[in-house]
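S.K.: For reference, the structure I am asking about is given below.
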Amino acid sequence: MRMKVNRLSGLSPAARRFLNRFWAVAGAVSVRTKILGIVLALVLILGVGVTFQVRTTLRAALSHNLQEQGVSITRDVAARSVDLLLVHDLYGVYQLLQDTLLNNKDVRYAFVVSPEGEVLAHTFGERFPSALIAVNTVPSTDRYHLQKIATEEGVIWDFAVPIFDGRAGVVRMGLSEDAMQATLTGVTGQLLLTTIGVSIVGVAAAIFLTWLITRPVLALVDVTKFVARGDLSRQAPHWANDEIGLLSDSFNAMIKDLAATQTKSKAYNAELIRRNRELAALNIVAQTVSQQQDLHDMLESALRCVLDLMHMQAGWIVLLEAGGGKRQLACSIGLPEAIARQEAEQGLLNCQCRRVVDEKTTLLITPLQETCPVYQLRLKNQQIVNGHVAVPLISKSQVSGTLNITCSHDNCFSDEDLQLLGAIGQQLGVAVENARLWREIRQKERARGQLLEKIITAQEEERKRIARELHDGTSQALTSLKVGLKIFEGLESAQEIQQHLAGMRDIVAETLDTVHDLALELRPSVLDDLGLAAALERYAAKFPGRYPGLTIDLHCDLPDRLPMPVETTLYRIVQEAMTNAARHSGGHTLSVLLTHRNGRVQAIIEDDGHGFDPEAARRDGNSVGLHSMAERVELLGGSLNIESNADGATVYVEVPV
Amino acid sequence: MSQFIKSSQDVALAVALALTLLTACGAAQAKDLPYVDLSQRESLPAVAQAEVIPLRLAVAAVISPKGTFESYSALATYLSEKLNRPVELVQRRTYAETNDLVESGEVDVAFVCSSAYVIGQREFGMALLVAPQVNGETVYHSWLIVPVNSPAQTMTDLRGKTFAFTDPWSNSGRMYPTVLVKEMGETPETFFSRTFFTYSHDDAIRAIANGVADGAAVDSLVYQYLVAREPWLGEQTKIIQRSPPFGIPPVVTSPHLRPQARAELQNILLEMANDPAGRKALKMLDIDRFVLVEDTIYDSVRDLESQVGLFELK
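Right, dumping it as structure tokens:
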């Protein structure tokens, strides 16, 4: 408004007020009214203008005509009355005036005045309005004189024409304007009627026009309302290739962009929500998993959690032993235990579930095969099981089990659900793996403790043995030598001394051997000096002495020297394995083979005894030897495998060099 | 429907807006004209009697009233000056009416047709005053005229045609042609297909010249007078027959005119040719002078009139 006032600052305050007021009214009405008003105003202005112009022109023309007519009639009467007047035929003049009056509708009156001013003939009847005589005069030299006079009957055009140059008098003729006015009124009326008619047509045309113009605009406005409410499905109609059409197109393009953006935004939001849900679900599962130490409890909690998340009734988790061998039901909810167990044992054999393990993907298995244990099973909420989703529990690309959830129809799980379940499967897989590792660690911890105990015991045993060896062997030999030396004090004869010395020398030699063996047993210096192969050959050479009836078959295909830790480890492992076989297998032949190939050293110790259960021996915890062997191999990054059956046992050791 | 109602409301509003434009177009016309109340009527006042009684001079309708007025105005003025009294020129449509005026004394002096004199003299003693002399003669003729390209050679050739008479009492314009027809054993009603009266000679000549009539008989003096002033009339007409001479139309007085006045008037008229002003007035009438004539010069007219028969003329 301020801008408008500024713009109008050149105008007077009154004009400004008027314009502002006009705009307040004109600006407040609808476009339709504006157009109607403009059209109507134009038509009326045109109509009234034309009417006014025509009326003015017509009035001028009719006035001219009336004047011409008046002059003509009057002059005609003047000419025709000359002779009559000259011959004093006043009745003839009267007849002439009457005829003129009769034959000319516009003529109101006519009379003849003599040069002396006497009225010779007139058309008023018996009496005459004398005032009329003096109103109009004409010089005898003029053709005529017109004087308009006002009468009670309206305006009358009074023509005065001299007769015979005024010598015979003057004819006066009064012509009424009535006919002219009637014509004017009639024409004006016709024009106004036409104007009204045209106005009606104009209004009709304007209504049509406004309909034509405002229809797309209103449609556009409607669409904008829908858009404002968030409905982007509407399209502004394209009525014509005009500016409004272009506007509609632009608006439609805008809606399209908006819709695309909204769709993207929705998709993004949905993705966010889905991710959030997934994360929340994963978080819940993670929390659940982290709160439970026991694998079984952990899986059951996780299953419950997943069922809650998916709003499902029943499910079970199957665990696979490492190497894909045994299947075991970890937990089940909402299913009879027996069916769950049956499902766990059968499912992965001949059901499509097998694919879950093979392809490591989440599968929705529906419809179920009739052989499936949960086929057509009725759940607690009376739903019939029609299928189930099977999710692999994956860790380090290994499937450690499957998570299964029943469903009653095909559309229970969306793709997102399956994705989420896949993610949970991976989480659970890791948890299962962790739990297994944890269990393994605990086993190892326990074994290490046992090992430590054994080592301490073995050290004590060794010390006891060494003490016994020293006491039984070396001490007695030294005691014999002390006794022998005491004997020397009593001996006098050289022969006796000679004999005694020989006896003492044997004792010393024997003691020396014993000490030598003892040292060899503790740490063969040949291992340091000559290498693994030589040390094992020397050890094997002495083995039958200790374990009679046992045949040793040793083959060493090794380079000259290996790294010291490898040599030491392999020496002790082979020593342990040989000792175990000699002590426990009850076999007669012991075959030892060491080969070096592709940067690895392989040792195979095989006996033909009655065999044993390595796992049981390992779990038992009493087998310090086995643990010792395993730990030594692990320290070097190698592997230890034990195979055993009724025909004997074989220990495989492989160590990288 | 609601859309339509809304449109109607809009139309009404727009009409209201637009009609305001029309209010400026009112037609209010102020008149500043003299006012006459036509209903305020009264009896016309009687004509005031002139203080001096004018000499009333009648001129028979030999030529049309307008021509007469123009021709005789100078004479009237001259007489007025000589007599020292106004002279009123009086005309009537027919010779008979003029004769009536002379008979009743409503006119004092009159220029009449020869035949009108013959009748008036016989009926009520119309008195011969003077006669005009034209080209040195006191006679005139009746000329039978037809349109210039008419094949007619004589009256006989006008059988079955339209014939224009001048005045019923006219010697040259009515009596002479009637006699011509009668000599052929016919009457004008049977001989001509149609006849009409022009009541003046100049109108008869004009009727021929304009082809309104196929033939007419006119006063030779009038024909000459008129052709001299309006040559086209001579070009459009031709004379096919001329009558024997008749006594010229005289100036007569009413039997009621006082002898003194009559003598005075006669004297002025006879002396006119000797007076420049009088000559000027005579020139207007193509008259040489006024002379005294004997009544006998009108005998031939009387013969003709007796052949036609007065009752027929009336």
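Protein chains in written order, with the working numbering: chain A, 1 to 657; chain B, 1001 to 1314. By construction, the Cβ of each residue, glycine as well, lies at the ideal position given by its N, Cα and C atoms.
1) Work out the CA separation of residue 108/A and residue 128/A for me, nearest whole Å.
2) Kindly say whether residue 1093/B, judged by its beta-carbon, lies nearer than 8 Å to any beta-carbon of chain A.
3) Going residue by residue through the segment 1202-1277 of chain B, where are the continuous beta strand (DSSP E) segments of at least 3 residues, counting only ones entirely within it?
4) For a contact defined as C-beta to C-beta under 8 Å, what are the partners of residue 1090/B on chain A?
5) Using DSSP's beta-bridge definition, name the partner residues of residue 51/A.
6) Taking residue 1138/B as the reference, which of 1309/B, 1294/B and 1302/B has the closest Cα?
7) Using the C-alpha atoms, what's the distance from residue 1182/B back to residue 1190/B?
8) By alpha-carbon positions, which one of 331/A, 163/A and 630/A ends up nearest to residue 76/A?
9) Cβ atoms of residue 1102/B and residue 1252/B: under 8 Å apart, would you say?
10) Using 8 Å as the limit for Cβ to Cβ distance, is residue 1036/B near chain A?
11) Check the Cβ of residue 149/A against every Cβ in chain B and list those closer than 8 Å, keeping chain order.
12) Name the chain B residues whose beta carbon is nearer than 9 Å to that of residue 128/A?
13) Only counting the same chain, and skipping five residues up and downstream in sequence, which positions put a Cβ closer than 8 Å to that of residue 220/A?
14) Helix, strand or coil: which one does DSSP assign to residue 565/A?
15) Which class does residue 1105/B belong to by DSSP, given the choice of helix, strand or coil?
16) Check each candidate in 603/A, 512/A and 572/A and name the one with the smallest Cα separation from residue 554/A.
17) Which residue comes first and which comes last in the beta strand (DSSP E) that contains residue 388/A?
18) In or out: residue 199/A buried (at least 16 other Cβ within 10 Å) or exposed?
19) For residue 1111/B, does the three-state DSSP call read helix, strand or coil?
20) Just to confirm the assignment, what range does the beta strand (DSSP E) spanning residue 1163/B have?
21) Tell me the start and end of each unbroken beta strand (DSSP E) in the segment 546-609 of chain A that is at least 3 residues and wholly inside, in chain order.
22) Counting only Cβ-Cβ distances shorter than 7 Å, please list the residues of the segment 106-133 of chain A near chain B, keeping chain order.
23) With a threshold of 8 Å between beta-carbons, can residue 164/A be considered close to chain B, or not?
24) Rank 1112/B, 1080/B, 1304/B and 1228/B by C-alpha distance to the C-alpha of residue 1200/B and give the top, closest one.
25) Taking Cβ to Cβ, would you say residue 240/A is nearer than 8 Å to residue 39/A?
26) Any idea what DSSP makes of residue 173/A, helix, strand or coil?
27) For residue 564/A, does the count of other Cβ atoms within 10 angstroms reach 16, so buried, or fall short, so exposed?
28) Select from the segment 1050-1062 of chain B all residues with a C-beta closer than 9 Å to any C-beta belonging to chain A, and list them in chain order.
29) Can you name the residues of chain A whose CB is closer than 7 Å to the CB of residue 1064/B?
30) So, for residue 360/A: in the same chain, excluding its five sequence neighbours on each side, which residues have a beta-carbon less than 7 Å away from its beta-carbon?
31) Could you check what DSSP says for residue 1145/B in three-state terms: helix, strand or coil?
32) So, with DSSP's three-state summary, where would you put residue 492/A?
33) Could you tell me which residues DSSP puts in a beta bridge with residue 407/A?
34) In angstroms, rounded to a whole number, what distance separates the CA positions of residue 95/A and residue 140/A?
35) Keeping to the same chain, check which residues put their C-beta closer than 8 Å to that of residue 184/A; ignore five residues upstream and five downstream.
36) Using C-beta distances below 8 Å, list every residue in its chain close to residue 1193/B, excluding the 5 sequence neighbours before and after it, in chain order.
M.R.: In terms of the structure at hand:
1) Reading the first sequence from its first residue, position 128 is the one you call residue 128/A. Reading the first sequence from its first residue, position 108 is the one you call residue 108/A. Distance between the alpha carbons of residue 128/A and residue 108/A: 13 Å.
2) To locate residue 1093/B, count along the second sequence from 1; it is residue 93. At a cut-off of 8 Å between beta-carbon atoms, residue 1093/B makes contact with chain A.
3) Listed in chain order, the complete beta strand (DSSP E) runs (minimum 3 residues) inside the segment 1202-1277 of chain B are 1215-1219, 1237-1242 and 1251-1253.
4) Counting from 1 along the second sequence, the entry for residue 1090/B is found at position 90. Simply 88.
5) Taking the first residue of the first sequence as 1, we reach residue 51/A at position 51. In the DSSP output, where bridge partners are listed per residue, residue 51/A has none listed.
6) Here residue 1138/B corresponds to residue number 138 of the second sequence, with the count starting at 1. Looking at the Cα atoms, 1294/B is the closest of the given residues.
7) Translated into the one-based positions of the second sequence, residue 1190/B becomes position 190. Translated into the one-based positions of the second sequence, residue 1182/B becomes position 182. Using only the alpha carbons, I get a separation of about 10 Å.
8) Sequence index remark: in the first sequence, residue 76/A carries index 76 (1-based). Residue 163/A is the option with its Cα nearest to residue 76/A.
9) Here residue 1252/B refers to the residue found at position 252 when the second sequence is read from its first residue. Here residue 1102/B refers to the residue found at position 102 when the second sequence is read from its first residue. Going by beta carbons, residue 1252/B and residue 1102/B fall inside the 8 Å limit.
10) Taking the first residue of the second sequence as 1, we reach residue 1036/B at position 36. True, the Cβ-Cβ gap to chain A drops below 8 Å.
11) If you number the first sequence from 1, residue 149/A lands on position 149. Simply 1033, 1034, 1035 and 1036.
12) Position 128 of the first sequence, counted from the first residue, corresponds to residue 128/A. For residue 128/A, the neighbours in chain B by C-beta distance under 9 Å run, in chain order, 1041, 1042, 1043 and 1044.
13) Taking the first sequence and counting its residues from 1, the one referred to as residue 220/A is at position 220. 236, 244, 247, 248 and 251, listed in sequence order.
14) To locate residue 565/A, count along the first sequence from 1; it is residue 565. The answer is helix: DSSP assigns residue 565/A an H, G or I state.
15) In the second sequence, counting from the first residue as 1, residue 1105/B sits at position 105. Residue state for residue 1105/B is assigned as coil, using DSSP reduced to three classes.
16) The residue given as residue 554/A occupies position 554 in the first sequence. Nearest C-alpha to residue 554/A: 603/A.
17) Taking the first sequence and counting its residues from 1, the one referred to as residue 388/A is at position 388. Looking at the DSSP string, the run of the beta strand (DSSP E) that includes residue 388/A is 387-395.
18) Here residue 199/A corresponds to residue number 199 of the first sequence, with the count starting at 1. The C-beta of residue 199/A has 16 or more other C-beta atoms within 10 Å across all chains shown, which makes the residue buried.
19) By one-based count along the second sequence, residue 1111/B stands at place 111. If DSSP states are grouped into helix, strand and coil, residue 1111/B belongs with the strands.
20) Stepping through the second sequence from its first residue, residue 1163/B is reached at position 163. In this chain, the beta strand (DSSP E) harbouring residue 1163/B covers 1162-1165.
21) Counting whole runs of 3 or more residues, the segment 546-609 of chain A contains the beta strand (DSSP E) stretches 551-557, 589-597 and 600-607.
22) Per Cβ criterion, the list reads 118, 119, 124, 127, 128, 129, 130, 131 and 132.
23) Residue numbering aside, residue 164/A sits at position 164 when the first sequence is read from its first letter. Yes, contact with chain B.
24) One-based indexing of the second sequence puts residue 1200/B at position 200. Checking every option, the nearest Cα to that of residue 1200/B belongs to 1112/B.
25) Position 240 of the first sequence holds residue 240/A. Position 39 of the first sequence holds residue 39/A. No; because the gap between Cβ atoms is not below 8 Å, this pair is not in contact.
26) By 1-based counting over the first sequence, the position of residue 173/A is 173. Secondary structure at residue 173/A: strand, using DSSP grouped into helix, strand and coil.
27) As a working mapping, residue 564/A is identified with position 564 in the first sequence. Counting the other Cβ atoms within 10 Å of the Cβ of residue 564/A gives fewer than 16, which makes it exposed.
28) If the cut-off is 9 Å between Cβ atoms, the segment 1050-1062 of chain B has 1061 near chain A.
29) Start at 1 with the first residue of the second sequence, and residue 1064/B comes out as number 64. Simply 83.
30) The residue labelled residue 360/A in the question sits at position 360 within the first sequence. Same-chain partners within the cutoff: 392, 394 and 399.
31) As a working mapping, residue 1145/B is identified with position 145 in the second sequence. Residue 1145/B falls in the strand class under three-state DSSP.
32) Position 492 of the first sequence, counted from the first residue, corresponds to residue 492/A. Correct three-state label for residue 492/A: coil.
33) In the first sequence, counting from the first residue as 1, residue 407/A sits at position 407. Under the DSSP definition of a beta bridge, residue 407/A partners with 387/A.
34) Numbered from 1 along the first sequence, position 95 holds the residue referred to as residue 95/A. Numbered from 1 along the first sequence, position 140 holds the residue referred to as residue 140/A. Spanning the two alpha carbons is a distance of roughly 24 Å.
35) As a first step, residue 184/A is located in the first sequence; it is residue number 184 there, counting from the start. Answer for residue 184/A: 55, 58, 59 and 62, listed in chain order.
36) Here residue 1193/B corresponds to residue number 193 of the second sequence, with the count starting at 1. For residue 1193/B, same chain residues with a beta-carbon under 8 Å away, outside a window of 5 residues either side, are 1160, 1161 and 1162 in chain order.
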